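**Q**
Residue numbers (the numbering used here): 60 to 250.
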């Protein structure tokens, strides 16, 4: 077990770094997608959004497999591990359930788009604030899980409070794009 533990820690940390890289790629691709003016530009950036999903999935697998092994072999049950696992499950559900589903719905529409410029309907779908909100909430949860792994709080309430606090901050941060979109919609509807 002595020789396996450092490898498991490396896989765990490498997975966390890869998950951060995937989030960075997603953030850039979403920002560029919003600025896309032509169907070709939109296709390029929608294609780039597939990469974070693949990287994120591999990263989650590395994090969870190594984390489960370390829990069973070294750490045993600890509240910070349970809270960290819950945070990872939420991150995966948001990534697949929000961004993944959006790509499956909008990706084909982008591929079929013809003409010199994007239609207003497709441009509105590409600017969905839900994507930013999902990314921001996942980032905040990731920071919360990272804090749990670094601090390893021994009390169950402390571990849960840390995760809930990161989720609350993430929700507050995610509310920005949603509120901005609602405000924009209200202004356009009232004009």
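Heads up, the beta-carbon is just placed ideally off N, CA and C, and yes, glycines get one too.
Please read all numbers here as calculations on a predicted model, not as lab measurements.
Within 8 angstroms, do at least three Cβ pairs link the segment 90-101 to the segment 62-78?
**A** No contact exists between the segment 62-78 and the segment 90-101.
**Q** Are residue 229 and residue 195 closer than 8 angstroms when you measure CB to CB?
**A** Along the chain shown, read from residue 1 onward, the residue named residue 229 stands at position 170. Along the chain shown, read from residue 1 onward, the residue named residue 195 stands at position 136. Yes. Within cutoff.
**Q** Classify residue 248 as buried or exposed, calling it buried when 16 or more other Cβ atoms lie within 10 Å of its own Cβ.
**A** The residue labelled residue 248 in the question sits at position 189 within the chain shown. No answer about residue 248 holds up, because its pLDDT of 46 lies below 50 and its placement is not dependable.
**Q** Can you name the start and end residues of the alpha helix (DSSP H) that residue 132 belongs to?
**A** Here the question's residue 132 lines up with position 73 in the chain shown. No alpha helix (DSSP H) contains residue 132, which DSSP labels as neither H nor E.
**Q** Please classify residue 85: does DSSP put it in a helix, a strand, or coil?
**A** Numbered from its first residue, the chain shown carries residue 85 at position 26. In the structure shown, residue 85 sits in a helix (DSSP, three-state: H, G or I).
**Q** With residue 95 as the anchor, note down where its alpha helix (DSSP H) starts and where it stops.
**A** As a first step, residue 95 is located in the chain shown; it is residue number 36 there, counting from the start. Per DSSP, residue 95 belongs to no alpha helix (DSSP H) and is neither H nor E.
**Q** Measure the C-alpha to C-alpha separation of residue 245 and residue 239 and round it to an integer number of angstroms.
**A** Position 186 of the chain shown holds residue 245. Position 180 of the chain shown holds residue 239. Because residue 245 sits at a pLDDT of 48, beneath the cut-off of 50, its placement in the model cannot be relied upon, and the following sentence gives the value as read from the coordinates. Each residue's alpha carbon lies about 10 angstroms from the other.
**Q** Counting only the same chain and skipping the five closest in sequence on each side, list residues whose C-beta sits under 7 angstroms from that of residue 170.
**A** One-based indexing of the chain shown puts residue 170 at position 111. Hits under 7 angstroms: 102.
**Q** Between residue 166 and residue 105, how many whole angstroms is the CB-CB distance? I'm expecting something under 8 angstroms.
**A** Start at 1 with the first residue of the chain shown, and residue 166 comes out as number 107. Start at 1 with the first residue of the chain shown, and residue 105 comes out as number 46. About 5 angstroms; that satisfies the 8 angstroms criterion.
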